[in-house]
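Mind the numbering: the sequence shown is residues 86 to 626 in this note's numbering, read in order.
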Amino acid sequence: MPRTTAVPSSPPPAGDQARPQRRQRVKVPLRLVTNPHYADVAVTTYVKIAALASRPEGCTAATATIAEYVGLSKASVERGMTQLMRPGPDGVVELSSTRRSLPGGCGTSAVRRTRPLSATERFVWIPVAAAEDLTPRQLRAYALIAYAQTQKIPLTESEIAGALHHHSGQRAGQPLTTAAAGAIVDELEATRWITVERRAGVRGRHHFIAHDIPSAAQDLPCGQPSPTGVAPSSTSAPGEGSGSSAGAGSLATKEEPRTDRPDDERALFSPAVGEVQVGEGVENRCARLPHDSGEDGLALRADDHQTPLTTPLTNPSGSYDGPGLTVSARVHAVLEPVHWLFRQTSVYMQRRIAREVGRQLRSGIDDARLRQRLETRVCRTFTDEIRDPGRWILGVGLPRWGCGIFDCEAGVLWSSGRRCSVCEEIVRDRRRATAQPEAPTPAIVHPVPAPVPVQPSALAAPRGRCPECGCAVLVLNRAQPAPRCKPCREEHEGGRASGPPPSAHPEVCAGWDGSGCTRPALGSTGLCVRCRTRRMERAAS
């Protein structure tokens, strides 16, 4: 913004000389000034928060403190911050707020930061002192005048009225009248933040001059030239045409220097607006602040040799956009038998599986017990039978099977390895209930007609009786005795080849490697559940 000060006709009072000059300025997006979606208090709140957020720690002032700075009520400032923290019509969020708490647990003021502006976005420089001295509506009109002055755009009071809107009442959303805009311009001129040169502009327009610092001098006398240093707008005289004379050179003028550092002391009186917009003013919609590099990965084990389990979904439709999954080392070790299934699931299912494992570990189940459960059940299942890995882990691999005893694991006590007596009793009761005959029901006698003899069309095949079990067998040669049936023949041949069957199954497990085990053996294998699983795993590897 070109430095413009009025020549004082009388020396300023002593109080104005002692008052320090407030020169801090902030960049305000032009969309925030010209968009009628944002209220006037939102512009004032943005200017003050952006000034306080220029510190490394951000804006840590409380809402009541900000309201005291700008001379508004706390409710008005909260209304402005709420509007800035919500997405606008184009989906852009101008203000972010992060809550904080003290080490003792008591809450404190939040940390607020404004959105960083892109290099191609239009903005306007606004002094922070203007937000403290002017009302919200006056500040918005001042921002429009400052932008038009830098861009050398002739401005009228009707154009200022078209950019200012009512935000409450029956006329909400409608622009102000020209008379109301003229009253606001007169108030700004009275506060000495702008200077109005009546009918000094192009085609009899008023010439508005915005100041970085309010002038302490009186208005210039009538007829005195304005010492603004701004060349008057050139207009063609009658009969000269619309262009320059031949050989006068190009019509282009020297561009304003680019200023992007408001904290640079040399840029105190730089233009009030940046370079002209080339592309889209706002690059991202509701863009989140980039997370730290540690939040993108996974926190699995402390060593560097652990491969991550999760496989983030990167499909173009963007099905998952939440935070990264974190799996503890304990849950990672428990899920080791089913890592190949866990990696095939989505992030949502991985989170559910990790929560279920954590819930069972917190209930008191041992890590080795839960891992052995997953290992046993995945060994008893064919790979092609698992259609949905996530549902299989949640519905088959992790649930506990057994009775109400906490130590029971599928009919075997985990601590001792013995069979659970409660489960055996339940099985006996079920078998007994299945073996009991059904209660006889009163039969209803229906008259049955006498059977009519049917002559066979062909002779039936000759049948005989098995000499051992007595079942019917096919006799091919009637001269020879009836042969044995297939079950009796296989039992006779197997007994003759292997000798007499053992009288009883072994009661104690022989061990998966023959070293012996103290657990009871199951079935005819002579091994307990654990040793049998170990032997199957050894054979598979």
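Glycine included, every Cβ here is placed at the ideal spot set by N, Cα and C. Predicted model only: the values in this text are computed from it and were never measured.
Check                                                                                                              : Outcome
Range of the contiguous alpha helix (DSSP H) that encloses residue 159                                             : 159–170
DSSP beta-bridge partners of residue 198                                                                           : 181
Alpha-carbon spacing of residue 242 relative to residue 113, whole angstroms                                       : 22 Å
Close beta carbons around residue 677, own chain, < 8 Å, minus the five adjacent residues each side                : Residue coverage of the chain in this structure runs from 86 to 626, which leaves residue 677 outside it and unanswerable.
Straight-line Cα distance separating residue 437 from residue 479                                                  : 8 Å
Range of the contiguous beta strand (DSSP E) that encloses residue 519                                             : Note, residue 519: premise wrong, no beta strand (DSSP E); alpha helix (DSSP H) at 506–520.
Three-state secondary structure assigned by DSSP to residue 470                                                    : helix
Distance between beta carbons of residue 144 and residue 198, contact taken as under 8 Å                           : 7 Å
Where the beta strand (DSSP E) through residue 111 begins and ends                                                 : 110–114
CB of residue 452 within 8 Å of CB of residue 418, strictly                                                        : yes
Outcome for residue 209 when other beta-carbon atoms lying within 10 angstroms are tallied against a minimum of 16 : buried
Cβ shell of residue 223 (< 7 Å), same chain only, five flanking positions each side left out                       : 269, 272 and 273
Reference residue 131; option with closest CA among 142, 254, 141 and 163                                          : 163
Residue 425 - DSSP class collapsed to helix/strand/coil                                                            : helix
Length of the line joining the Cα atoms of residue 555 and residue 617                                             : 40 Å
Contact set for residue 122: own chain, Cβ-Cβ below 7 Å, skip 5 residues either direction                          : 173 and 174
Whole-angstrom distance between residue 441 and residue 447, CA atom to CA atom                                    : 10 Å
Beta-ladder partner(s) of residue 186, from DSSP                                                                   : 192
Assigned exposure category for residue 486 - 16 Cβ within 10 Å defines buried                                      : exposed
Same chain, Cβ closer than 6 Å to residue 194, five either side skipped, listed in chain order                     : 145 and 147
Alpha helix (DSSP H) segment containing residue 549, residue limits                                                : Careful: residue 549 lies outside any alpha helix (DSSP H), inside the beta strand (DSSP E) at 548–550.
Reduced DSSP category for residue 614 - H, G, I as helix; E, B as strand; rest coil                                : helix
Limits of the unbroken beta strand (DSSP E) element including residue 280                                          : 279–282
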